[in-house]
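A.B. asks: Below are the structure tokens for one structure; questions will follow.
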Amino acid sequence: MSSHGAPIPMTSTACGPLTGRAEVPGDKSISHRSLILGALSIGETKISGLLEGQDVLDTAKAMRAFGAEVTDHGGGNWSVHGVGVGGFAEPDQVIDCGNSGTGVRLIMGAMATSPITATFTGDASLNGRPMARVTDPLSLFGCEAVGREGGRLPMTLVGASQPVPVNYVVPVPSAQVKSAVLLAGLNAPGKTIVIEAEATRDHTERMLAGFGAEITTEIADAGRVITLTGQPELTAQTIDVPRDPSSAAFPVCAALIVPGSDVLVPGIGLNPTRAGLYTTLRDMGADLTYENERVEGGEPVADLRARFSPDMVGITVPPERAASMIDEYPMLSVVAAFAKGDTHMPGVRELRVKESDRIDAMATGLRDNGITVKDGEDWWTVTGLGHGNVPGGALCVSHLDHRIAMSFMVLGMATNAPVRLDDGGPIATSFPIFEGLMADLGAQVTRDPA
Ligand code: S3P
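Note that this note's numbering has the sequence shown beginning at 1, numbered continuously upward.
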């Protein structure tokens, strides 16, 4: 089942060269944060290039439920009239975050230090994911959470009426956990300190500074020490959301594996905490160049140019790079099938608790399509067959996971037999224009009768 309707079966068939420009939508992480920080500010935050995927639309709806005025002006232009730090109203309905772990975890953090109660739920995927990683640190502020067995949604949070600041070492490499703690720290008096051993995406820190919070990051032996001074007045901002490097991964990787391709993917945010896939692809010998490198809104940005790369080789992806490409391993595993030799991906335990168990979902589908994959709890290895040698022909399962669905559709663009998918519905959570954009490049992804 799709998260928001009947299943949408799809088939991807080998195609001619992919060519042209691929204008991918706005960054999902920055889009969520723009709405949430806008809601916690005083004044009108103006956002352009907002990702209008279902995940972000669910966060917009949630911000309205907490009292912010969120307006869609069309064409990716949105505005948010915020209620200020500590100004959230108590929602009079259950907050449904759909498929979005980022949405629910960040919103939980944002409300945890206000004296209000809110109940959260999501789709079958989100309701199966661990929330204790967020509610444990939020309880240190004085917030109480009651959920299902194993700390799962649906879950009710009672925000702290007299929050205290927190000093927290994040036990897993997770930007969502880090961000939830920082957003909770906004309404606690004094300094909240978050320490992360491995650097994860730093959009929350950058954006909090941009909205006027006092926030510093120091590199120490323990890792990155982030210190936030609580109870600032956040000031509304104008935000131009950069295009999403995680969405760009699909047209880029498709171009690398489809013979004759040459695709330009303009304006992609290459924040080092996000760009690990592109470094990895270049390490594998991909013909991938950064053109027109520039800085926009404080973030490094480039136009990515990807051309067919028949001579890619398997590598061991450094585990310390994992956090900077955590959402891209499903797509990488497909590229690895077309490279020569083994691509070994260690240090990726977190893949097991995403929208699906991404190692299991990809390994199963790749094996069904004739590719050898070995896996353990926190690693997997794909044995590449080289161009023209990947069989395909199987029906893959998307498990309510947009990135799994798109990865298998890219696989089918270069396999010997078409690849089918049980449900492409989840693609709309992060990349609603995927089918049209890929078709414009020359891909053959079709919807099948349900
Ligand atoms: C995200 C953080 C990552 C990532 C997710 C978006 C964010 O999750 O997988 O798609 O915007 O903070 P984790 O924090 O669980 O690693």
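Ideal Cβ placement from N, Cα and C applies to all residues, glycine included.
Please report how far the alpha carbon of V225 lies from the alpha carbon of N271, in whole angstroms.
C.D. replies: Spanning the two alpha carbons is a distance of roughly 19 Å.
A.B. asks: Buried or exposed for R447, going by 16 or more other Cβ atoms inside 10 Å?
C.D. replies: By the 10 Å Cβ count, R447 comes out exposed.
A.B. asks: If you follow the beta strand (DSSP E) that E472 is part of, which residue opens it and which one closes it?
C.D. replies: Absent from the structure is residue 472, since the part of the chain shown begins at 1 and ends at 450.
A.B. asks: Excluding sequence positions up to five away, which residues of its chain have a Cβ less than 8 Å from the Cβ of P242?
C.D. replies: Closer than 8 Å at Cβ, skipping near neighbours: G26, D27, I30, G49, G267, I268, G269, E296, G297, E299 and V301.
A.B. asks: Do three or more CB pairs link the region 408-418 to the region 384-396 at distances below 8 Å?
C.D. replies: Flag = yes, the region 408-418 and the region 384-396 touch.
A.B. asks: Would you tell me roughly how many angstroms separate the C-alpha atoms of G82 and G67, rounded to the nearest one?
C.D. replies: One C-alpha to the other measures close to 8 Å.
A.B. asks: Under a three-way DSSP split, which group does R274 fall into?
C.D. replies: Three-state result, R274: coil.
A.B. asks: For G424, which residues from the same chain have a beta carbon less than 6 Å from its beta carbon, with the 5 sequence-adjacent residues on both sides left out?
C.D. replies: Only I8, M10 and A405 meet the Cβ criterion.
A.B. asks: Identify the residues that DSSP records as bridge partners of K340: which are they?
C.D. replies: Partner(s): V313 and L385.
A.B. asks: In angstroms with no decimal places, state the Cα-to-Cα distance between H344 and G212.
C.D. replies: Taking the straight line joining both Cα atoms gives about 42 Å.
A.B. asks: Which of the three DSSP states, helix, strand or coil, is assigned to R133?
C.D. replies: Looking at R133 - three-state DSSP - the assignment turns out to be helix.
A.B. asks: Using the Cα positions of A248 and T71, report the straight-line distance between them to the nearest angstrom.
C.D. replies: When rounded, the distance between both Cα atoms is 27 Å.
A.B. asks: I need the straight-line Cα distance from T316 to V158, nearest angstrom please.
C.D. replies: Between T316 and V158, the C-alpha separation is close to 45 Å.
A.B. asks: What are the boundary residues of the beta strand (DSSP E) that includes R148?
C.D. replies: R148 -> beta strand (DSSP E) spans E144 to R148.
A.B. asks: According to DSSP, what are the bridge partners of D240?
C.D. replies: According to DSSP, D240 bridges with S48.
A.B. asks: A160 to P330, Cα distance in whole Å?
C.D. replies: Cα to Cα, the separation comes out at about 39 Å.
A.B. asks: Apart from the five residues on each side of it in sequence, which residues of its chain come closer than 8 Å, Cβ to Cβ, to D368?
C.D. replies: Correct list, in chain order: A394, L395 and C396.
A.B. asks: Using three-state DSSP, classify L18 as helix, strand or coil.
C.D. replies: Three-state result, L18: coil.
A.B. asks: What ranges does the alpha helix (DSSP H) occupy inside the region 200-233, keeping only unbroken runs of at least 4 residues that lie completely in it?
C.D. replies: Listed in chain order, the complete alpha helix (DSSP H) runs (minimum 4 residues) inside the region 200-233 are 203-210.
A.B. asks: Write down every uninterrupted run of the alpha helix (DSSP H) in the region 153-194 whose length is 4 residues or greater and which is fully enclosed by it, in chain order.
C.D. replies: The qualifying runs are 175-185.
A.B. asks: Our contact map puts E90 next to A62 with C-beta atoms below 8 Å; I'd like the distance itself, whole angstroms only.
C.D. replies: At roughly 13 Å, the Cβ-Cβ gap does not stay under 8 Å, so E90 and A62 are not in contact.
A.B. asks: Across which residues does DSSP place K354 in a beta bridge pair?
C.D. replies: For K354, which the question treats as bridged, DSSP gives no partner whatsoever.
A.B. asks: At a cut-off of 6 Å, is S31 close to the ligand S3P when judged by its beta-carbon and the heavy atoms of the ligand?
C.D. replies: Answer for S31: no, Cβ out of range of the ligand S3P.
A.B. asks: Go to L264, then tell me how far its beta strand (DSSP E) extends in each direction, as first and last residue.
C.D. replies: Element bounds for L264: D262 to G269.
A.B. asks: For a quick check, are the C-beta atoms of N187 and V85 less than 7 Å apart?
C.D. replies: Yes, the Cβ-Cβ distance between N187 and V85 is below 7 Å.
A.B. asks: If you measure between the beta carbons of T135 and P165, is that distance less than 7 Å?
C.D. replies: Not in contact: T135 and P165 (Cβ atoms no closer than 7 Å).
A.B. asks: Could you say which of A255, S34, T102 and G384 lies nearest to G16 if we only look at CA atoms?
C.D. replies: Nearest option by C-alpha distance: A255.
A.B. asks: Hey, would you say the C-beta of S174 is under 6 Å away from at least one heavy atom of the ligand S3P?
C.D. replies: Indeed, a heavy atom of the ligand S3P lies less than 6 Å from the Cβ.
A.B. asks: Using C-beta distances below 8 Å, list every residue in its chain close to G5, excluding the 5 sequence neighbours before and after it, in chain order.
C.D. replies: If we look at G5 and ignore the five residues flanking it on each side, its Cβ neighbours are G425.
A.B. asks: Residue range of the alpha helix (DSSP H) that F434 falls in?
C.D. replies: From DSSP, the alpha helix (DSSP H) with F434 extends over F434 to L441.
A.B. asks: May I have the straight-line CA-CA distance separating T121 from N127, to the nearest angstrom?
C.D. replies: Going by the C-alpha atoms only, they are around 7 Å apart.
A.B. asks: May I ask which residues mark the beginning and end of the beta strand (DSSP E) holding D401?
C.D. replies: Note, D401: premise wrong, no beta strand (DSSP E); not H, not E.
A.B. asks: Can you check which of these residues, I239, P130 and V170, is closest to D357 by C-alpha distance?
C.D. replies: The shortest Cα separation from D357 among I239, P130 and V170 belongs to P130.
A.B. asks: With DSSP collapsed to three states, give me the class of T113.
C.D. replies: Three-state DSSP puts T113 in coil, outside helix and strand.
A.B. asks: Going by Cα to Cα distance, which pick from M312, A306 and R349 is closest to A322?
C.D. replies: It is R349 whose Cα lies nearest to the Cα of A322.
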